[in-house]
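Trainee:
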């Protein structure tokens, strides 16, 4: 297959998706926020910071593409999901946005862990 093993294809797809998601959060957060919650200045800034975090996580994974880095990224995503659930429980106004954020963060955590598992098989 010339370097295009299923694990590497999986990793490339995950990283491409994370770059797209991070870019959207960083450069167009309102598009994502409007359907699920109030678009305050603080909320938009928070999404931009989150977008920068996703892009940084992608850069680190590209620099050190080993299962341990993928697992660490998945752990960061899992912690993010838990903090979003805490926000949903604590702030009724932000509940819908926080629950949507928790769902997305959980998906990233699962994708990261799955990708790490596939990388270990290489």
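In the working numbering, the protein residues as written are 199 to 320. Each residue gets a CB set at the ideal place from its N, CA and C atoms; glycine is no exception. Remember, it's a predicted structure, so these values are computed and weren't measured experimentally.
What's the gap between the Cα of residue 238 and the Cα of residue 246?
Mentor: Their backbone Cα atoms lie some 12 Å apart in a straight line.
Trainee: Near residue 248, what residues of its chain come up, given a Cβ to Cβ distance below 6 Å and the 5 sequence neighbours on each side ignored?
Mentor: Closer than 6 Å at the Cβ level, and outside the excluded window around residue 248, lie 223.
Trainee: Go ahead and pull the three-state DSSP assignment for residue 281.
Mentor: Three-state DSSP puts residue 281 in a helix.
Trainee: In chain order, what residues of the same chain have a beta carbon less than 7 Å from the beta carbon of residue 279, not counting five sequence neighbours either side?
Mentor: Here the set comprises 300, 303, 304 and 307.
Trainee: How would you call residue 254, buried or exposed, if buried means at least 16 neighbouring beta carbons within 10 angstroms?
Mentor: It counts as exposed.
Trainee: For residue 264, which three-state DSSP category applies?
Mentor: In this structure, residue 264 counts as coil in the three-state DSSP scheme.
Trainee: Just curious, the alpha helix (DSSP H) that residue 228 is in, first and last residue?
Mentor: Residues 227 to 231.
Trainee: Taking three-plus beta-carbon pairs below 8 Å as touching, is the region 226 to 236 in contact with the region 250 to 264?
Mentor: In short, these stretches do not touch, since the Cβ pair count stays below three.
Trainee: Could you tell me the distance, in whole angstroms, from the CA atom of residue 250 to the CA atom of residue 281?
Mentor: Approximately 18 Å between the Cα atoms of the pair.
Trainee: From residue 234 to residue 214, what distance separates their C-alpha atoms?
Mentor: So the alpha carbons of these two residues sit roughly 25 Å apart.
Trainee: Here's the rule I'm using: 16 or more other beta-carbon atoms within 10 Å means buried, otherwise exposed. How should residue 216 be labelled?
Mentor: Counting Cβ neighbours within 10 Å, residue 216 comes out buried, since at least 16 surround it.
Trainee: Quick one: Cα of residue 314 to Cα of residue 268, how far?
Mentor: Going from the Cα of residue 314 to the Cα of residue 268 covers about 5 Å.
Trainee: Going by beta carbon distance, what residues of the same chain come within less than 6 Å of residue 274, once the five residues before and after it are set aside?
Mentor: Here the set comprises nothing.
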